[in-house]
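The structure appears below as structure tokens.
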Amino acid sequence: MKDFIAGLPKCELHLHIEGTLEPELKFELAQRNGIALPYATVEEMRAAYAFDDLPSFLGVYYEGMRVLRTEPDFYDLAMAYLRKAASQNVRYAEIFFDPQAHTSRGVPFDVVIRGLRRALMDAHAQLGVRAQLIMCFLRDFQAEYAMATLLESLPYKEWIVGVGLDSDEKGNPPAKFAAVYERARQEGYLLTMHCDVDQENSVEHIRQCVEDIQVNRIDHGVNILEDPSLVQQILDKGIGLTCCPISNSYVTDSMKAEGIRKLLDLGVRVTINSDDPAYFPGYVQENLEALELSREELLQVQRNAFEITWLPRHLKDAYLAELETYAKQ
Ligand code: HPA
Ligand code: ZN
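Residue numbering for the sequence shown follows full-length UniProt numbering, starting at 1 and increasing by one per position.
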């Protein structure tokens, strides 16, 4: 099964580029930028990755990205991920980035996006892996800061396919960002949003996402199972869910494998992704292995993924054809 998964043409739709910062690169960038780290070795650094819920993970995640300062830093970060992704036969990725995690500590927006964009171009040319960027707003900051970030992104609109919402969900419902999302839609951005697993008011947040904000996609979202009418709406609208089993096992009580499989059985467009693989060990290959799905289920997960990408129809069809060729072999 490992080999079957390895050969499968894959798609990754829930991946925070800052969450791919492996300890080795963190040390290299710290040295490059003259930043002191409170660890002497990779092992010590990994040992400090002690988290058991979303807020405790986020503390480690934001602390770690202090080493990212210049355009080449963002280039190296994205290039390292795309090399890893290509090695796992990821054919296409939609990559989140968190501009406010950088602008809030004095790194300009254009430094971040230029570095990432250049890596995406080089990876496509050199490795054959295609990728697009999704700009996430940090939901624990004020909506006004998200709006300012949205406006700052407009000169780079051609480089950003859509917007997302991440960081700490507690007390930060989708409704807080309704005006930001409305403006983003008007600007032509596609819309997704984290509905993290087992949050306070998870179901109400998913409802706001689907009915009020009317997103194109939901990141995580497995708590939808608690409300059959929401499941029906998601089915009717063809909204995809980007699930992340290994991530779930670190910030909740389990991988939520049963729920993910149930949603797949119900015909929901479930996809499997790695979220923050430098912190929740496992890239997309390992996440697919972890669920112990059948061949047919694995193929369905990848069909769902290519189908719900934010690519033009002809490119979706090309990847889907590649997948069907693999299925027949
Ligand atoms: N949820 C919320 N915020 C995040 C995540 C996530 O899965 N990963 C990085 N920031
Ligand atoms: Zn995420």
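C-beta atoms are modelled at their ideal positions from N, C-alpha and C, and glycine is treated no differently.
Listed by position in the chain, the residues whose beta carbon lies within less than 6 Å of some heavy atom of the ligand ZN are 14, 16, 166, 194, 219 and 275. Take the alpha-carbon of residue 316 and the one of residue 305: they are about 10 Å apart. A direct Cα-to-Cα measurement between residue 100 and residue 137 gives close to 7 Å. Between the beta-carbon of residue 207 and that of residue 230 there is about 6 Å, and that keeps the pair under the 8 Å contact cut.
The C-beta distance from residue 8 to residue 326 rounds to 6 Å, short enough to fall under 8 Å.
Taking the Cβ of residue 236 as the reference point, every heavy atom of the ligand HPA lies at 8 Å or farther away. Within the same chain, 93, 94, 217, 240, 242, 271, 273, 305, 308 and 309 come within 8 Å of residue 13 by CB-CB distance, once the 5 residues on both sides are set aside.
Residue burial is scored here from C-beta neighbours: residue 205 has at least 16 other C-beta atoms within 10 angstroms and is therefore classed as buried. DSSP, reduced to helix, strand and coil, places residue 14 outside both helices and strands of the structure shown, so it counts as coil. Under the three-state reduction of DSSP, residue 200 is assigned to coil, being neither helix nor strand.
The beta carbon of residue 11 sits no closer than 8 Å to any heavy atom of the ligand HPA.
In terms of Cβ geometry, residue 133 and residue 154 do not form a close pair [threshold 9 Å].
Looking at the DSSP output, residue 135 sits in a beta bridge with 97 and 163. Buried is the label assigned to residue 169, since at least 16 other Cβ atoms lie within 10 Å of its Cβ. With contact defined as three or more Cβ pairs closer than 8 Å, the region 102-117 and the region 61-75 are in contact. In this structure, the ligand HPA has no non-hydrogen atom nearer than 8 Å to the beta-carbon of residue 253. Residue environment analysis places residue 163 among the buried positions, since at least 16 neighbouring C-beta atoms fall within 10 angstroms of its C-beta. Around the Cβ of residue 174, a 10 Å sphere holds 16 or more other Cβ atoms; the residue is buried.
Nearest to residue 192 by alpha-carbon distance, out of 172, 161 and 157, is 161. Contact between the region 244-256 and the region 282-298 is present, with at least three C-beta pairs closer than 8 Å.
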